Amino acid sequence: MASKSAPPGTRSVARSIKGARWAALLAGAALSGTAVAATWNLQPPATVIASDIHSLHEYVMLLVTVIFVGVFGFMFWAIFAHRKSKGHKAAQFHENVTIEIVWTVIPALILIAIVVPATKVVIAQKDTSNPDITIKATGYQWKWGYDYLKGEGAGISFLSNLATSRDQIEGRASKDGNYLLEVDHPLVVPVDKKVRIVTTGADVIHSWSVPAFGVKQDSIPGILRDTWFKADKTGTFRGQCSELCGKDHGFMPIVVKVVTEPQYAAWVAEQTKNNAAKK
Amino acid sequence: MSAVLDTHGQAHEHGHHDQHGGYGGVMRWITTTNHKDIGTMYLWFSFIMFIVGGVMALVIRSELFTPGLQIVNPEFFNQLTTMHGLVMIFGAIMPAFVGFANWLIPMQIGAPDMAFARMNNWSFWLLPFAASLLMISFFTPGGAPGVGWTMYAPLTVQQGMGMDFTIFAVHLLGMSSIMGSINIITTILNMRAPGMTLMKMPMFCWTWLITAYLLVAVMPVLAGAVTMTLTDRHFGTSFFNAAGGGDPVLYQHIFWFFGHPEVYIIALPAFGVISQVIPAFSRKPLFGYASMVYATSAIAILSFIVWAHHMYTTGMPVTGQLFFMYATTLIAIPTGVKVFNWVATMWKGSLSFETPMLFAIGFLLMFTLGGFSGLILSLVPIDIQLQDTYYVVAHFHYVMVAAALFSAFAGIYFWLPKWTGKMYDETLGKWHFWLSTIFFNMIFFVQHFLGLAGMPRRVPDYPLQFETWNRISTVGAFGFGLTQLLFLYIVVKTIRSGEKAPDKPWEGADSLEWTHLPSPAPYHSFETPPVLK
Amino acid sequence: MAQTATTNPRQHYFVPQPMPWPIMGSIALFCMATGAVFVFNSHHGGWISIALGFMILLYMLFRWFGAVIGESEAGKYGKWEDVSFRWGMSWFIFSEVMFFAGFFGALFYTRVLSVPDLASLESQALLWPNFTAHWPSAGPAFSEKFSPMAAWGLPAVNTLLLLSSGVTVTIAHWALKENKRAMLSLFLFFTVALGVAFLAFQATEYGHAYSELNLKLSTGVYGSTFFMLTGFHGFHVTLGAIMLSVILVRCLLGHFKPDHHFAFEAVAWYWHFVDVVWLGLFIFVYWL
Ligand code: HEA
Ligand code: HEA
Ligand code: CUA
Ligand SMILES: [Cu+2]
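Below you can see the structure in the form of structure tokens.
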């Protein structure tokens, strides 16, 4: 996105909208001021599950596109060939058992071809057994709390708040590239390790979601649920709370930093030291 | 379904003297027991609600025009989202189709009126009061509930008294729907003219019969769900509170047990309208009538066992996810049968493209598109990515706006000549169609991209990378809204100065209201049953 | 528009004249709803609004049903209308069944899924130490002691009462068909009396629950499901008893004929429905 490092001036469109909202809207200013490189597909996957989801999505999209073109090919053919203005006389048939059986059975077969691969992904996705690290993620109105329960780093716990400033949100300061996707304490995990996230909620339902991992799990007050991921590359991955949880639902992002194992060990050591110092 | 009949003469005998039973002016509308009056009121009420809900959508879209908070604060944004959903579903779309049912079912089956004409009046007159309760909630301390139309616990427990107003509004809406449905079922089962067997009824009556059954089955469940919310809020019950042994997810199960059939409650009457319009403009009987009936019933039955596809991310056991995934995908089969039947009806017809037919074709294309996005959502792994994102918003606006609303437009243009005795302006009607279609896709097609890329729904603000599509969507929304002003103009113009309509303006139309009644349909039709061969 | 339904039963269907009662009903419900919201949120004037709404509702029901009874007695409803009434009542009862199904669903869900889930090992470790799955349960955070309602005391008596009232109303129906008016009224009276006795016992039972068992609406999910299910049932028994009383009065006034008495049958159906719901309650709420 070009606007990532944009100087304050580029955001002026937003402000002029604020001033002369309706006029600016109807003037068709829609596209000015935004970069062309808009995202329109699933985020690049960083886990096997996420890439499975990618392929599944592409596969089903392909199938439905073919069906769509097929069905409406017939319809448009009829629209062009069988129009009254061309003098086409209406046939009067209105039943054909064979064709009706055909178009019941073929979709059924297509569905089987769809749910079989989907089932495989579901089963893999739900398998939270034998994790290397277990972390509890608690949804609060409106921040996340993380407790490392098992594995390397067990005992670490901290809260993770939105780091984007009020000024940016309310338009008094220019917006950073990671506007609304920045937290003060990201979750840190090692690469290539199976991380199990146990979710719960403190007040209302939230949802812990990181699209690049193919993970989304509601965090429900008083109830435990779990999910897992195993990131196959290092980097910073971002998601947002995905269940309406009150006024700041849009303002409680999830940021996960995937680091190499030595970096993780160092981070754990530092956290443990800090914790000890606090006590 | 041809027949010989005397209604013309008979209808005129009953002139205007005794028809309102002594009440005039406003009281006529308040007290009326006439299905046509009541149908008209339903339709106007629905249009008003459509504008109310639409204006809310415009505020939502304006706020989302660009990142940052500009016009409304987050609390109010959530309230708007909630009320937009509730008003559109319960205020605009459902009453619109009940309006159609009132106008058409008695005429199509040759009945003098609805079976319970007084209760029919009450079904309607509950609505304005329920709508008032909803609107009052905006003016209470704390405002309207900001919980989404799905009203998930325990967020509902945190709300102010606006939540209680909404709960009672839902109760009244439920009563209205149940009474309306009992009326429709009874009318169809008991009031058909001799010779009008069930399997000869117009498809529209069939779809409503099944819809009404769904309504009677699920509206009470919704009432139960919101009642539990009410007692959790005020009387210390723990249905949705884990500390007391309950479970917030229980609410979702109950809600979606209602909620999923509800979406077919919206869709089935729309299918019914389309099944009248397409044959009429294809000049060819509906293809596969019997299989349409079975498909519709199959959809209704399946709709009871798929509800948890809205809840894949709540973390149910893998067997549950698989069961609900399989059941959900099955719905594609009967729905596909319907789509194929419509296309087969057009095949080798003698097609013409007046406004109702244009809307019907638009419906076909966009409903199928929305159905496919539904199918994609029904697959657990993909839904985990897409649930609570704008992809879902795109999906359901395709099936509810492009499908249900467009078919309502198709139906209104189709029957306006029968209702008013006047023809609408064909050129303007076509403009309405094309503008609506273009702007509709501008609003909602791009939302698929937003959802895929991960933009959550029900947020007043969003990260920068989502800006482009949001801008396009907002501009589209204003275009779509303005286009609906054109629709209002067309309808008013028809009523005031439209050309006189013939009794049967559509060559291929063959149900009783066209073949046996003049345009406009007389105030009392079929006081004695028509004779059908 | 005079109809003689007898000559040709499907010639004329009775379509009533316009009347203002429906909208009055809406106004009544609106007042009651608004009043209730005010009461729940401790605002002034709530009770007044509820009372006002209730009075309007009573008046409206009185006039509306009065009109219907008048029409019925005037012979305006023939076979055709009668069939409509039957469909209407059946579907109404179906909707009531679904209403109770929602609450039964909640009960089963908590018993089978949520309570055991809350007591799972991980849940015990992380959220609710020491909570074990058992029923009745008031949930992990409920610390007071309470006793569940025993099945074989008053509830069993109530089961007997309701079951016998199902029998008496059937006898009354039989008497009506045989045109034995005295027996009709007598057994109808027994039915009402049994219903009232049921309600009295139910009230006693509630008092017992609150004062001795420490079992309240707020006693976790057990209290919630117990009182909501039995409470809504009791409410329906009350409605049924009122409807039966109206029918009783009409019988005493000489209404209904052996072959034409749909109002009676409708109320009897309703009463049986309430009865069946009670059996479900007795088995799943009290007994098992
Ligand atoms: C009119 C309303 C309507 C209709 C008809 C549908 C139809 C369908 N819906 Fe949709 N849906 C909604 C309204 C509707 N929906 C709403 C309002 C929500 C969101 C509620 C909220 O959260 O606020 C929602 C959400 C929703 C979800 C949850 C998303 C989420 O929150 O994560 C899912 C998931 O399974 C889903 C699936 C489906 C499916 C499979 C269909 C199927 O019925 C579609 C079937 C049709 C077709 C498939 C196309 C035609 C078929 C063919 C041409 C045959 C050949 C095809 C194949 C073999 C594939 N819907
Ligand atoms: C059938 C139901 C229906 C209909 C018809 C619509 C119609 C529209 N909806 Fe939708 N919508 C829902 C049902 C419906 N909606 C539901 C159930 C939700 C979920 C709520 C929830 O999350 O809880 C939702 C949510 C929803 C969202 C997501 C909000 C969020 O997640 O925060 C958005 C955002 O774009 C949106 C937009 C629109 C738009 C632009 C229209 C347009 O089609 C509206 C067009 C109509 C008008 C604009 C009014 C008429 C015209 C005038 C008044 C003339 C004046 C006009 C001008 C001056 C321009 N809707
Ligand atoms: Cu937390 Cu949404
Ligand atoms: Cu659904």
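Chains as they are written, first to last, in my numbering: chain A, 34 to 312; chain B, 5 to 537; chain C, 532 to 819.
Every residue, glycine too, gets a C-beta built ideally from N, C-alpha and C.
Since the model is a prediction, treat every value here as computed from it, not as a measurement.
For residue i, which option in the options has the closest C-alpha, if you only look at C-alpha atoms?
{"i": "tryptophan 177 of chain A", "options": "A:Ile253, A:Thr72, A:Val301", "result": "A:Ile253"}
{"i": "leucine 90 of chain B", "options": "B:Gly458, B:Met60, B:Phe69", "result": "B:Met60"}
{"i": "tryptophan 346 of chain B", "options": "A:Ser84, A:Ile112, A:Ile86", "result": "A:Ile112"}
{"i": "tryptophan 153 of chain B", "options": "B:Thr211, B:Leu226, B:Leu130", "result": "B:Leu226"}
{"i": "glutamine 163 of chain B", "options": "B:Cys209, B:Asn82, B:Met404, B:Phe291", "result": "B:Asn82"}
{"i": "glycine 771 of chain C", "options": "C:Lys788, C:Thr722, C:Asn745", "result": "C:Thr722"}
{"i": "proline 164 of chain A", "options": "A:Asp251, A:Tyr92, A:Ala187, A:Ile132", "result": "A:Ala187"}
{"i": "glycine 483 of chain B", "options": "B:Ile442, B:Asp514, B:Glu471", "result": "B:Ile442"}
{"i": "alanine 406 of chain B", "options": "B:Phe444, B:Ile64, B:Asn474, B:Trp129", "result": "B:Phe444"}
{"i": "phenylalanine 261 of chain B", "options": "B:Pro283, B:Thr300, B:Pro289, B:Ile309", "result": "B:Ile309"}
How should residue i be labelled, buried or exposed, when 16 other C-beta atoms within 10 angstroms of its C-beta is the threshold for buried?
{"i": "arginine 500 of chain B", "result": "exposed"}
{"i": "phenylalanine 634 of chain C", "result": "buried"}
{"i": "alanine 63 of chain A", "result": "Legend: pLDDT at alanine 63 of chain A = 42, less than 50; position of this residue unreliable, value from coordinates given subsequently. Alanine 63 of chain A is buried by the Cβ-count criterion."}
{"i": "isoleucine 258 of chain B", "result": "buried"}
{"i": "glycine 480 of chain B", "result": "buried"}
{"i": "tryptophan 510 of chain B", "result": "buried"}
{"i": "tyrosine 649 of chain C", "result": "Note that residue 649 of chain C is leucine in the sequence shown, not tyrosine. Flag for leucine 649 of chain C reads buried."}
{"i": "tyrosine 212 of chain A", "result": "buried"}
{"i": "proline 533 of chain B", "result": "buried"}
{"i": "glycine 114 of chain B", "result": "buried"}
Of all Cβ atoms in chain A, is any one closer than 7 Å to the Cβ of residue i?
{"i": "glutamate 612 of chain C", "result": "no"}
{"i": "histidine 654 of chain C", "result": "The sequence given here places serine at residue 654 of chain C; histidine does not occur at that position. Chain A, which has a Cβ nearer than 7 Å to the Cβ of serine 654 of chain C, makes this yes."}
{"i": "arginine 65 of chain B", "result": "no"}
{"i": "histidine 528 of chain B", "result": "no"}
{"i": "valine 347 of chain B", "result": "yes"}
{"i": "proline 506 of chain B", "result": "no"}
{"i": "methionine 350 of chain B", "result": "yes"}
{"i": "isoleucine 499 of chain B", "result": "no"}
Taking 7 Å as the CB-CB cut-off, is residue i touching chain B?
{"i": "methionine 258 of chain A", "result": "For the record, residue 258 of chain A in the displayed sequence is arginine; it is not methionine. For arginine 258 of chain A, the answer is yes, since a Cβ of chain B falls inside 7 Å of its Cβ."}
{"i": "threonine 72 of chain A", "result": "yes"}
{"i": "histidine 239 of chain A", "result": "no"}
{"i": "phenylalanine 107 of chain A", "result": "yes"}
{"i": "serine 742 of chain C", "result": "no"}
{"i": "aspartate 180 of chain A", "result": "no"}
{"i": "glycine 283 of chain A", "result": "yes"}
{"i": "isoleucine 230 of chain A", "result": "no"}
At the 7 Å Cβ level, is residue i part of the contact set with chain C, yes or no?
{"i": "isoleucine 97 of chain B", "result": "no"}
{"i": "valine 225 of chain B", "result": "yes"}
{"i": "alanine 336 of chain B", "result": "no"}
{"i": "alanine 525 of chain B", "result": "no"}
{"i": "threonine 201 of chain B", "result": "no"}
So which residues on chain B does residue i lean against when the C-beta distance must stay under 7 Å?
{"i": "threonine 152 of chain A", "result": "Leu326"}
{"i": "tryptophan 136 of chain A", "result": "Gly340, Val341, Phe344"}
Since residue i and residue j are thought to touch, with beta carbons under 8 Å apart, how far apart are those beta carbons, to the nearest angstrom?
{"i": "isoleucine 494 of chain B", "j": "alanine 364 of chain B", "result": "That belief does not hold up - the Cβ atoms of isoleucine 494 of chain B and alanine 364 of chain B are roughly 17 Å apart, past 8 Å."}
{"i": "proline 219 of chain A", "j": "valine 288 of chain A", "result": "4 Å"}
Would you mind telling me which residues of chain C sit closer than 9 Å to residue i, beta carbon to beta carbon, in chain order?
{"i": "glycine 204 of chain A", "result": "Neighbours of glycine 204 of chain A on chain C: none; closest Cβ ~36 Å, over 9 Å."}
Whose Cβ in chain A lies nearer than 8 Å to the Cβ of residue i?
{"i": "leucine 644 of chain C", "result": "Correct list: empty, because the minimum Cβ distance to chain A is about 11 Å."}
{"i": "serine 354 of chain B", "result": "His115, Arg116, Lys117, His121, Lys122, Ala123"}
{"i": "threonine 318 of chain B", "result": "Asp251, Ile253, Arg258"}
At a cut-off of 6 Å, would you count residue i as near ligand 6, judging by its Cβ distance to the nearest heavy atom?
{"i": "histidine 282 of chain A", "result": "This structure lacks ligand 6; its bound ligands are ligand 1, ligand 2, ligand 3 and ligand 4."}
At a CB-CB cut-off below 8 Å, which residues of chain B make contact with residue i?
{"i": "histidine 218 of chain A", "result": "Within 8 Å Cβ-Cβ: nothing; histidine 218 of chain A doesn't reach chain B, min ~19 Å."}
Can you name the residues of chain B whose CB is closer than 9 Å to the CB of residue i?
{"i": "glycine 279 of chain A", "result": "Pro78, Glu79, Asn82, Gly150, Val151, Leu159, Gln162"}
Residues of chain C with CB under 7 Å from residue i, in chain order?
{"i": "threonine 36 of chain B", "result": "Pro549"}
### Query
Residues in the stretch 162 to 178 of chain A with C-beta within 8 Å of chain D's C-beta atoms, listed in sequence order?
In the structure shown, chain D does not exist; the protein chains are A, B and C.
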